[in-house]
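Student: Per this note's numbering, residue 9 is the first one in the sequence shown, and the count goes up by one each step.
For each residue, glycine too, the CB sits at the ideal point set by N, CA and C.
Bear in mind that the values here come from a model prediction, so they are computed numbers and not experimental data.
Following this message is one structure expressed as structure tokens.
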Amino acid sequence: SNAYHPEPVHLKMFHNLLSMQAGAYQNGTWVVAAAKAGAEDGYGLIGGSCIIAPTGEIVAQALTEEDEVVSYDCDLDLGQYIKKTIFDFDAHRRIEHYGLITEQTGVIPQPED
Numbered sequence: 009s010n011a012y013h014p015e016p017v018h019l020k021m022f023h024n025l026l027s028m029q030a031g032a033y034q035n036g037t038w039v040v041a042a043a044k045a046g047a048e049d050g051y052g053l054i055g056g057s058c059i060i061a062p063t064g065e066i067v068a069q070a071l072t073e074e075d076e077v078v079s080y081d082c083d084l085d086l087g088q089y090i091k092k093t094i095f096d097f098d099a100h101r102r103i104e105h106y107g108l109i110t111e112q113t114g115v116i117p118q119p120e121d
């Protein structure tokens, strides 16, 4: 049977951080995440407040499940570097290849050999 198995806390935190790191990197922006910790209404909260650089690196992070304050001196110009080099969408956009995306709806089955 496919009984429900809750995700372990370490995986919850891993996936939470992974999605924020990817978002910071892909958008070339700082991510500042504030998360509740401790217990509320009988439920445990995992916390995990953090600051993530546009490179995807975690530069500051709460390390306990208690109240904490995290801070970091963010270089706001770092985001511009990422946006103008690695993810320069204006320079790398290839609209001549958009036809398949804009003209097709649904799946077109491939012919069988």
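If you follow the alpha helix (DSSP H) that Tyr89 is in, where does it begin and where does it stop?
Tutor: Run containing Tyr89: 85-92, per the alpha helix (DSSP H) assignment.
Student: Quick one: grab the DSSP three-state call for Gly56.
Tutor: coil
Student: Can you give the Cα-Cα distance for Gly64 and Leu25, rounded to whole angstroms?
Tutor: 10 Å
Student: DSSP three-state label for Gln29, please.
Tutor: helix
Student: Would you identify the three-state DSSP class for Gln118, choosing helix, strand or coil?
Tutor: coil
Student: Provide the residue span of the beta strand (DSSP E) that contains Ile66, from first to last.
Tutor: 66-69
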